[in-house]
Amino acid sequence: MSFSRFLSVFDYFFVLRPMLFIPGWSTMMAGYFIASKGQLFFTPDQFLNLDFKQIWFLFIVFAAAMGASFLLNQLQDIESDLKNKKLFILSENHISKTTAKIEIFLLIIVAIVFAYFINYAVLATVIIFLLITGYAYNYKPFILKDKPFRSLISNAAMGWLAFAIGWFTTQTAGFSIIADSLPYLFFNTSLYFFTTLPDVPGDLKSGKKTLAVIHGTRFVINLALLSYVAGFIMAIILQDWFALIFIIASLPFFINMFTKKEVNATIKTTKYAILFFAFAICLKIPFYFVLMIIIFAFTKWYFINRFQYNYPNLKGE
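Position in the sequence shown (first residue = 1) + 458 = our numbering.
Listed below in C-alpha cells is the structure:
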C-alpha cells in the first residue's frame, strides 16, 4: 500500500471535523461540572471520585452526534465549500456521498446507544441535538442555516444543547439549567458570529444569506462583542468563577478584534477563545489536555501529508 493510499484511510475520520469536537466537548463538560463552578481545581479526593466511565461515554456520545451533524451539513454545503476552498474531503469527492450517508447512519446509532446507557434525559437531548443540527439546520422544509436569524438561534441552540448533555448527566432536571447555561451560551454565541465572516465571499457566490452577508463585518463584530460582554456579566452575577477564567483570558483578543474590526482578527479571537475554554476544562480533568494534543497533532500530520495544507493553526487564517 502506498503512503498516499494509507493516508486516504483516515479520510473517513477527518471528514467528521474532529478539531470541532473540542469546543463541543468543552461546553458539554462545563455542564457536567456545573456543581463545582466555584472551584478552579478538584481536590485529589474529588478527582478520584469522578465517574470516568460515564465521562468517556459522554465523549463518545457527543463526538458521534457532532460527527453526524457535521457530515449532514457538508452534504448540503458542497457547492459553497468548494467556493470557500474548505472541507474538501467530501466536496472534492475524496469520499463518496453514499459512504458519507452510511457513516452518518452508524454515528447516529452509536450516539443514541451510548446515550441510552447514561440516562433518558441525555438520550432525549442528544436526539433533539441531532434533529436540530443535523436535520432542521440543513434540510427542507426548514433549512435554518440559510436564514440569518434562524441560523443564529439554531447555532445558539447547538451550544446550549451541548451544555445540557453534560448538565443532565449530573443534575436533576429543572429550570436552574437556564441560569447555569447563560455565561456559556453568550460566550459561544459570540464565537458563532465570527465564524460567519470568513465564508462571506463563497456565500455571496452561492446565494446564501447569512448575517455577515446581509449586515456586513462591523455589524457582526458588534453583535459578537455584545454577546461576549453579556457572558462576562452573567458569569459574575452567577458567581461562575470557572467560566470567568476563559472569558477573562479571551478579553485581550476581543479588545484587539474590536479595535481592528478585521476578519483575520476575528479568526484568531475564535481560535484562542476555544483554546482558553478547553484549558479551563483541563484544570478539572488534566487528561483532557492529552486528548487535545493527540487530536491536534494527528490532524496536523494528516492535513500536511495528505493535502499539504497547514491545518490546524493558531493564525488568523
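Note that CB positions come from ideal geometry on N, CA and C, so glycine has one too. No experiment lies behind these values; they were computed from the predicted model shown.
Bounding residues of the alpha helix (DSSP H) (the contiguous stretch that carries residue i)
i, result
"E550", "Premise fails: E550 is in no alpha helix (DSSP H) and is neither H nor E."
"N531", "F510 to Q534"
"T654", "That residue, T654, is in no alpha helix (DSSP H); it is neither H nor E in DSSP."
"Y490", "F479 to Y490"
"N763", "F745 to F765"
"A736", "V721 to K742"
"Q504", "P502 to L506"
"P476", "From DSSP, P476 is part of no alpha helix (DSSP H); its letter is neither H nor E."
"A493", "Neither: A493 is in no alpha helix (DSSP H) and is coded neither H nor E."
"F468", "Unbroken run through F468: none, as it is neither H nor E."
"F716", "W699 to K718"
Whether residue i touches residue j by CB criterion (8 Å)
i, j, result
"T647", "S685", "yes"
"L516", "M486", "yes"
"V671", "V658", "yes"
"I679", "F734", "no"
"N531", "Y595", "yes"
"I732", "F645", "no"
"V519", "F479", "no"
"F651", "L681", "yes"
"L565", "A622", "no"
"I635", "W625", "yes"
"L548", "I562", "no"
"A701", "K495", "yes"
"Y760", "L465", "yes"
"F754", "P770", "yes"
"I590", "P656", "no"
"K729", "L772", "yes"
"I703", "A736", "no"
"F666", "D604", "The question names Phe, but residue 666 is Lys in the sequence shown. Yes, the Cβ-Cβ distance between K666 and D604 is below 8 Å."
"L643", "G617", "yes"
Rounded C-alpha distance that separates residue i from residue j
i, j, result
"Q629", "V748", "27 Å"
"A488", "P481", "11 Å"
"D638", "T627", "14 Å"
"C740", "A526", "26 Å"
"M524", "I694", "30 Å"
"T557", "I713", "44 Å"
"T668", "L506", "46 Å"
"K742", "T653", "28 Å"
"I570", "K559", "17 Å"
"L598", "T675", "Sequence inspection shows Lys at residue 598; the Leu mentioned does not correspond to that position. Between K598 and T675, the C-alpha separation is close to 28 Å."
"F587", "I601", "15 Å"
"Y470", "Q534", "18 Å"
"A582", "S460", "44 Å"
"S609", "Q497", "34 Å"
"L540", "F468", "21 Å"
"D503", "F711", "36 Å"
"V568", "I513", "16 Å"
"I691", "S484", "20 Å"
"V584", "I492", "19 Å"
"Q766", "L662", "27 Å"
"F633", "K718", "40 Å"
"F575", "K511", "11 Å"
"A707", "R463", "42 Å"
"E550", "L696", "47 Å"
"V721", "F677", "12 Å"
"P606", "I751", "35 Å"
"W699", "F500", "14 Å"
"Y578", "G689", "29 Å"
"N768", "K758", "7 Å"
Exercise. Go through the stretch 624 to 691 residue by residue and report every complete run of the alpha helix (DSSP H) that reaches 4 residues or more, in order.
Key: DSSP runs (the alpha helix (DSSP H)) wholly in the stretch 624 to 691: 634 to 653, 658 to 664 and 669 to 673.
Practice problem: Count the C-beta pairs between the stretch 606 to 617 and the stretch 461 to 480 that are closer than 8 Å, then say yes if the count reaches three, no if not. | Solution: no
Quiz prompt | Continuous alpha helix (DSSP H) assignments of at least 4 residues falling wholly in the stretch 566 to 630 | solution = 578 to 587 and 606 to 628
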